[in-house]
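Here the sequence shown is numbered in my numbering, starting from 240 and rising by one per residue. Take a look at the structure set out below.
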Amino acid sequence: MRVVASPSLRSGSVHPTAFIAPSADVLGDVRLGEWSSVWYQTVLRADMEPITVGARSNIQDLTMVHVDEGVPCTIGADVTVGHRAILHGCRIGDRTLIGMGAIVMEATVGSRVIIGAGALVAAGARIPSGVLALGVPAKVVRKLRPEELRLLAASAREYRALARRHARTSRVLFGR
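Right, here's the structure in full:
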């Protein structure tokens, strides 16, 4: 794990219970909430504005999270960001799942949302809470079903447990 701070970059804060995989890069003003996790080969680059990851959220392998001047990135609590996703200067609500390979540009995604794998949420888009959005560009296709809403909480819970196991196995201590 490389947590990079330099005189030219603001440094963030990592909660002591957060897990950062050994091969992840966390650069600049990144704020990781309690029990959050940043997985293998993931990059969080907050060199211009802050990146905030809420409590119990997981940013899975090969994901890129970046910002622009005046455009921070805020990821809510209990969020799952799937493998190889790209988040750029966006706002993601609580208990949301961003599917594998999805791209979310400077957009706002509500709470309790599923963004399908491979979807593109274009800059300026607003995805309301409680829906499934699919496609390129992403469009709302329907409201989430009760069983899908339950899966959102379960996903974050499972990754929290998995992060604890990986931290022990790789001898990387939470928050260090």
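Beta carbons: idealized from backbone N, C-alpha and C, even for Gly. Quantities reported herein were computed from a predicted structural model and do not represent experimental measurements.
Contact between the region 367-382 and the region 287-294 is defined here as three or more beta-carbon pairs at a separation below 8 Å; is this criterion met?
no
With distances taken Cα to Cα, identify the nearest neighbour of L326 among S350, D317, L373, Q299.
Residue 326 sits at position 87 when you count from the first residue of the sequence shown. Among S350, D317, L373, Q299, the Cα nearest to that of L326 is on Q299.
Reference M407; option with closest CA among G349, T256, S250, L373
For this step, residue 407 is matched to residue 168 along the sequence shown. For clarity, residue 407 is Arg in the given sequence; the question names Met instead. Of G349, T256, S250, L373, the residue nearest in Cα terms is T256.
Taking A362 as the reference, which of A341, E345, P261 has the closest Cα?
Counting from 1 along the sequence shown, the entry for residue 362 is found at position 123. Comparing Cα positions, the closest option is E345.
Taking C-alpha atoms, which residue in V306, G332, V343 lies nearest to A364?
Translated into the one-based positions of the sequence shown, residue 364 becomes position 125. The option with the nearest alpha carbon to A364 is V343.
What number of angstroms, rounded off, separates the C-alpha of A393 from the C-alpha of M287?
Here the question's residue 393 lines up with position 154 in the sequence shown. Here the question's residue 287 lines up with position 48 in the sequence shown. Rounded to the nearest angstrom, the two C-alpha atoms are 33 Å apart.
Option nearest A377 by Cα separation, candidates R351, A395, G338
Numbered from its first residue, the sequence shown carries residue 377 at position 138. When each option's Cα is compared against that of A377, the closest is G338.
State the Cα-Cα distance for the pair T335 and L383, rounded to the nearest angstrom.
Here residue 335 corresponds to residue number 96 of the sequence shown, with the count starting at 1. Here residue 383 corresponds to residue number 144 of the sequence shown, with the count starting at 1. When rounded, the distance between both Cα atoms is 11 Å.
Along the beta strand (DSSP E) that carries P289, what are the first and last residues, could you check?
Taking the sequence shown and counting its residues from 1, the one referred to as residue 289 is at position 50. First-last of the beta strand (DSSP E) with P289: 282-292.
Here's the rule I'm using: 16 or more other beta-carbon atoms within 10 Å means buried, otherwise exposed. How should G309 be labelled?
Locating residue 309 in the sequence shown gives position 70, counting from the first residue. Its Cβ having fewer than 16 others within 10 Å, G309 is exposed.
Beta-carbon within less than 8 Å of D307's beta-carbon, same chain only, minus the 5 sequence neighbours each way: which residues are those?
Against the sequence shown, residue 307 aligns to sequence position 68. Closer than 8 Å at Cβ, skipping near neighbours: M287, E288, H327, G328, E345.
So, are the CB atoms of D333 and V348 less than 8 Å apart?
By one-based count along the sequence shown, residue 333 stands at place 94. By one-based count along the sequence shown, residue 348 stands at place 109. It is not a contact, given that the beta carbons lie outside the stated cut-off.
Near S350, what residues of its chain come up, given a Cβ to Cβ distance below 7 Å and the 5 sequence neighbours on each side ignored?
Locating residue 350 in the sequence shown gives position 111, where the first residue counts as 1. Contacts found: G315, G332, D333, R334, T335, S368.
Helix, strand or coil for H405, going by three-state DSSP, please let me know.
Taking the first residue of the sequence shown as position 1, residue 405 is located at position 166. DSSP places H405 in helix when its eight states are reduced to three.
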